[in-house]
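Below is one structure; the comments refer to it alone.
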Amino acid sequence: MVDANLDGLRKTFNNGNVVAVDSIDLHIEEGEFIVLVGPSGCGKSTTLRCIAGLETPNDGKIEFGGHDVTELPPKDRAVSMVFQNYALYPSMTVYENMEFGLKMRGADRETIDERVRWAAGIMEIGDLLDRYPNQLSGGQQQRVALGRAIVREPAIFLLDEPLSNLDAKLRSVMRTEIQELQRKLDVATVFVTHDQEEAMTMGDRIAVMNAGRIEQVDPPEVIYHEPNSLFVADFIGSPEINFFESTFDGSDTVDTGAFGFDVPSEVATELSSGLDGRDLVVGIRPEDISLAPLGEGVIDTEIQVLEPMGDTQILYFDIGDSRIRAVVPSAQPIGENDKVGLSVNWENVHFFRPDGPSVVKWRKATDEGVNTDQELRTDQRAGNQ
Amino acid sequence: MSAIDQIGRRREGIGGIVDSVLEEYGSVQGLLFLLPTLVLLTGIVFYPMIQNGLLLSLRDYTLNPAAPDPFVGLANYEYWFFGAGQALFLFSIKVTILYELLVVPFDLVVALGAALLMNERFQLPGLGIETRAFWRGLMLAGYASPAIAAGLTWGIMQQAAEYGIVYQFLTQFFDIPASGGIVSNKPWAFWGVVIAKVWRDFGFMYIVFLAGVQSIPSALYEISKVDGANPIQRFRYITLPHLRTVIVTVVMIRTVFTVGKLAIPLATTQGGPVNYTRVLGLVIYDVGFGEWALGRAAALGMMFAVSIIPLILLWVKTETEDY
Numbered sequence: 267m268v269d270a271n272l273d274g275l276r277k278t279f280n281n282g283n284v285v286a287v288d289s290i291d292l293h294i295e296e297g298e299f300i301v302l303v304g305p306s307g308c309g310k311s312t313t314l315r316c317i318a319g320l321e322t323p324n325d326g327k328i329e330f331g332g333h334d335v336t337e338l339p340p341k342d343r344a345v346s347m348v349f350q351n352y353a354l355y356p357s358m359t360v361y362e363n364m365e366f367g368l369k370m371r372g373a374d375r376e377t378i379d380e381r382v383r384w385a386a387g388i389m390e391i392g393d394l395l396d397r398y399p400n401q402l403s404g405g406q407q408q409r410v411a412l413g414r415a416i417v418r419e420p421a422i423f424l425l426d427e428p429l430s431n432l433d434a435k436l437r438s439v440m441r442t443e444i445q446e447l448q449r450k451l452d453v454a455t456v457f458v459t460h461d462q463e464e465a466m467t468m469g470d471r472i473a474v475m476n477a478g479r480i481e482q483v484d485p486p487e488v489i490y491h492e493p494n495s496l497f498v499a500d501f502i503g504s505p506e507i508n509f510f511e512s513t514f515d516g517s518d519t520v521d522t523g524a525f526g527f528d529v530p531s532e533v534a535t536e537l538s539s540g541l542d543g544r545d546l547v548v549g550i551r552p553e554d555i556s557l558a559p560l561g562e563g564v565i566d567t568e569i570q571v572l573e574p575m576g577d578t579q580i581l582y583f584d585i586g587d588s589r590i591r592a593v594v595p596s597a598q599p600i601g602e603n604d605k606v607g608l609s610v611n612w613e614n615v616h617f618f619r620p621d622g623p624s625v626v627k628w629r630k631a632t633d634e635g636v637n638t639d640q641e642l643r644t645d646q647r648a649g650n651q
Numbered sequence: 068m069s070a071i072d073q074i075g076r077r078r079e080g081i082g083g084i085v086d087s088v089l090e091e092y093g094s095v096q097g098l099l100f101l102l103p104t105l106v107l108l109t110g111i112v113f114y115p116m117i118q119n120g121l122l123l124s125l126r127d128y129t130l131n132p133a134a135p136d137p138f139v140g141l142a143n144y145e146y147w148f149f150g151a152g153q154a155l156f157l158f159s160i161k162v163t164i165l166y167e168l169l170v171v172p173f174d175l176v177v178a179l180g181a182a183l184l185m186n187e188r189f190q191l192p193g194l195g196i197e198t199r200a201f202w203r204g205l206m207l208a209g210y211a212s213p214a215i216a217a218g219l220t221w222g223i224m225q226q227a228a229e230y231g232i233v234y235q236f237l238t239q240f241f242d243i244p245a246s247g248g249i250v251s252n253k254p255w256a257f258w259g260v261v262i263a264k265v266w267r268d269f270g271f272m273y274i275v276f277l278a279g280v281q282s283i284p285s286a287l288y289e290i291s292k293v294d295g296a297n298p299i300q301r302f303r304y305i306t307l308p309h310l311r312t313v314i315v316t317v318v319m320i321r322t323v324f325t326v327g328k329l330a331i332p333l334a335t336t337q338g339g340p341v342n343y344t345r346v347l348g349l350v351i352y353d354v355g356f357g358e359w360a361l362g363r364a365a366a367l368g369m370m371f372a373v374s375i376i377p378l379i380l381l382w383v384k385t386e387t388e389d390y
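Each protein sequence line maps, in turn, to chains A and B. Convert by adding 266 to the 1-based position in the first sequence; the result is the number in the working numbering. Convert by adding 67 to the 1-based position in the second sequence; the result is the number in the working numbering.
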């Protein structure tokens with residue numbers, strides 16, 4: 267049981283021309299499940315490979331349980347790893363795959379056998395031990411890869427997009443299994459994924475990465491409800507958050523171009539101090555937009571596309587130049603091309619600076635007790651055009 | 068008609084044969100589609116095989132168009148098995164087998180070594196990524212050069228002279244007689260041919276192995292590093308098993324295709340000293356185009372062709388087997 271600490275980690279490629287990871291500080295607690303999430307090329311896999319020792323950072327320090335391991339080769343780090351394509355040795359049986367790490371470390375036969383059978387029992391692959399990887403299904407290969415990783419009792423468990431090659435149903439099954447396994451083993455775990463849903467459901471904490479840097483490290487609900495930047499708000503949440511490039515008049519009104527609204531004084535104060543000028547970006551999650559009778563919402567518009575999702579439906583509108591998404595209960599009898607009014611759950615609205623950082627969330631400023639019946643000025647410019 | 072109906076059904080006469088052929092190929096059109104290929108194969112394979120192989124081996128054939136080329140039955144075969152040719156025949160079989168047993172494994176080791184070396188990412192000046200294509204290409208120089216030219220050049224380099232650099236180098240370690248150098252002394256001449264042959268040929272296996280090692284997923288090497296395997300163990304447990312199929316294939320190809328080749332021994336040592344490096348292919352060549360005894364050469368060629376059939380069958384078997 268150890269913790270891991272990354273301190274100012276930096277890794278470049280091509281003689282410094284490509285900065286993959288840029289001064290990352292991250293502390294992984296004992297037994298913590300941390301998810302690195304971000305788009306392709308954001309440096310999450312490189313970070314993981316630095317922790318594993320497959321890449322040597324150009325700068326910064328990696329410590330496991332207080333010991334500096336920055337320069338140690340992978341085999342001396344007591345890490346174990348699962349790759350996206352499982353990387354099972356094709357010429358070895360499942361048993362041989364699982365014993366390989368112990369065998370290379372010179373463990374004796376009995377210990378090896380005991381450990382392999384223990385891991386096989388946990389992963390429920392006891393009946394597959396004599397098979398070769400090409401005789402296994404994707405899900406079975408995944409279990410073997412996980413089994414191989416836990417055989418050695420790693421200090422840190424590293425998973426690099428392990429679920430990406432599985433079909434949707436199996437993916438959600440394995441998601442739960444990996445969580446249970448991690449809880450059972452109680453080992454510090456770093457899980458890399460580009461899938462925000464995976465990140466949200468699995469992590470004790472999520473580190474959202476962008477362009478080699480960590481944008482925010484927080485528990486999933488904080489990441490979702492209090493994103494600290496445009497990027498995090500945009501990346502986390504499905505369907506994506508709606509952004510409105512807006513202006514603030516300096517006193518109490520925000521104008522999105524399509525509609526305007528007044529903000530309470532607490533929010534106005536925060537905006538005045540947090541913004542550089544008058545420009546800001548308003549972020550509204552699709553769940554916080556609901557339908558209202560015509561003329562009674564902030565704006566009237568036409569449903570462009572309707573995607574039924576079962577219990578909910580996703581509606582797409584064109585407001586100004588942007589496509590706006592809303593999630594509403596499927597009970598509402600509406601269809602494409604219907605004209606509807608939209609209302610907004612204002613307390614969940616986010617305000618960002620145009621260059622990225624979050625300024626304030628409405629609810630935070632108004633100290634939780636927001637009155638949703640705020641006096642709102644809706645001038646419905648888009649509707650009038 | 069179902070297959071079961073045909074079991075035990077007998078066809079009578081020509082009509083039956085035509086029927087069964089038509090059934091096999093679908094229709095007359097099916098046969099017509101095969102015709103161009105059949106004509107071509109007849110011209111370049113079947114006709115020479117019968118006319119210049121089988122029939123020639125049964126004649127006492129000379130190049131003089133005026134002289135008769137009488138059929139002599141199995142006399143040419145008798146010559147090799149029991150007559151004056153027996154000693155050379157048996158000796159050259161021995162040489163050929165020995166040659167084969169040395170060249171192919173030697174070839175394999177050199178090619179595998181070169182492929183692994185060329186797959187490494189060296190950080191050394193002149194050996195880095197930017198010059199990699201050059202070094203990789205250079206490895207193919209031997210395979211790209213004509214065998215006769217390569218053999219002649221190696222023959223010259225193995226002579227006991229100032230320009231015989233191979234001789235000059237090896238003579239520091241081995242006691243090679245100065246008169247005749249490597250190419251004219253036992254047992255050196257044999258090794259001289261083997262070295263020339265391996266240099267000329269290893270490029271083929273090299274390029275196949277290089278492609279093979281490049282197709283090994285890098286994740287396997289990475290996970291094995293995490294698992295604690297050292298470079299030798301990585302070779303033993305990942306590289307070698309991965310290359311097993313290609314190794315079997317290229318060894319079979321090389322074995323079949325080396326056995327009849329004569330350019331390197333011909334150019335390097337001319338089969339000498341005396342018959343010391345005279346492989347079977349070279350004997351056929353010498354008898355046919357040296358002594359103009361084409362009937363005898365053809366007889367030897369026929370026996371040779373028949374004797375490599377098992378090798379070819381083995382090759383086909385390994386090709387079609389699923390490893």
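Cβ atoms here follow ideal geometry from the backbone N, Cα and C, with glycine treated the same way.
DSSP three-state assignment for residue i, whether helix, strand or coil
| i | result |
| --- | --- |
| K450 of chain A | helix |
| E463 of chain A | helix |
| R647 of chain A | For R647 of chain A, the pLDDT reaches just 37, beneath the cut-off of 50, and the residue's location in the model is therefore unreliable, although a value from the coordinates is still provided. The answer is helix: DSSP assigns R647 of chain A an H, G or I state. |
| L175 of chain B | helix |
| G83 of chain B | helix |
| M347 of chain A | strand |
| I74 of chain B | Note that I74 of chain B scores a pLDDT of 49, beneath 50, so its modelled location is shaky and nothing firm can be said. |
| M272 of chain B | helix |
| D500 of chain A | helix |
| M370 of chain A | helix |
| K341 of chain A | helix |
| L141 of chain B | coil |
| T455 of chain A | strand |
CB of residue i within 7 Å of CB of residue j, strictly
| i | j | result |
| --- | --- | --- |
| D566 of chain A | G607 of chain A | yes |
| F138 of chain B | L125 of chain B | yes |
| Y582 of chain A | Q570 of chain A | yes |
| Q462 of chain A | F501 of chain A | yes |
| V315 of chain B | L169 of chain B | no |
| Y343 of chain B | A228 of chain B | no |
| L367 of chain B | I351 of chain B | yes |
| L496 of chain A | G622 of chain A | yes |
Interface residues of chain B facing residue i [CB-CB closer than 7 Å]
| i | result |
| --- | --- |
| S346 of chain A | V293 |
| P340 of chain A | K292, V293 |
Integer-rounded CB distance, given that residue j should sit under 8 Å from residue i
| i | j | result |
| --- | --- | --- |
| A473 of chain A | V483 of chain A | 4 Å |
| L425 of chain A | V458 of chain A | 7 Å |
| V250 of chain B | G222 of chain B | 5 Å |
| G295 of chain B | K341 of chain A | 4 Å |
| M575 of chain A | L302 of chain A | Not a contact, Cβ separation roughly 28 Å. |
| E511 of chain A | V498 of chain A | Their Cβ separation, rounded to whole angstroms, is 18 Å, which puts E511 of chain A and V498 of chain A out of contact at 8 Å. |
| P505 of chain A | V360 of chain A | Not quite, the Cβ-Cβ distance comes to about 41 Å (not below 8 Å), so this is no contact. |
| R363 of chain B | S159 of chain B | Not confirmed; about 13 Å, so no contact. |
| G469 of chain A | F330 of chain A | Not really, about 20 Å apart at Cβ, beyond 8 Å. |
| V548 of chain A | T513 of chain A | About 10 Å; that fails the 8 Å criterion. |
Partner residues on chain A for residue i, Cβ-Cβ distance less than 8 Å
| i | result |
| --- | --- |
| P284 of chain B | N351, A353 |
| A214 of chain B | The premise fails here: A214 of chain B is roughly 36 Å from chain A at the closest Cβ pair, so nothing lies under 8 Å. |
Chain B contact residues for residue i, given Cβ-Cβ distances below 8 Å
| i | result |
| --- | --- |
| G367 of chain A | V293, D294, G295 |
| R371 of chain A | G295 |
Amino acids of chain B, ordered along the chain, whose beta-carbon sits closer than 9 Å to that of residue i
| i | result |
| --- | --- |
| S357 of chain A | Y304, I305, L307, P308, H309, R311 |
| R397 of chain A | Per Cβ cutoff of 9 Å: no residues; R397 of chain A is ~16 Å from chain B at best. |
heavy atom of the ligand COA below 6 Å from residue i C-beta
| i | result |
| --- | --- |
| E386 of chain B | Among the components modelled here there is no ligand, and therefore nothing to report on the ligand COA. |
Proximal residues of chain A, C-beta to C-beta of residue i below 9 Å
| i | result |
| --- | --- |
| E289 of chain B | R315, A318, L320, P340, M347, F349, A353 |
Worksheet item: Using a beta-carbon distance cut-off of less than 9 Å, what residues from the segment 300 to 323 of chain B approach chain A?
Response: Against chain A - using a Cβ distance shorter than 9 Å - the residues of the segment 300 to 323 of chain B are Q300, Y304, I305, L307, P308, H309, R311.
Fill in: Residues, ordered as in the chain, of the segment 313 to 336 of chain A that lie near chain B by beta-carbon distance below 9 Å
R315, A318, G319, L320
Worksheet item: Looking at chain B, which residues of the segment 488 to 500 of chain A have a Cβ within less than 9 Å of any of its Cβ atoms?
Response: Within the segment 488 to 500 of chain A, no residue qualifies.
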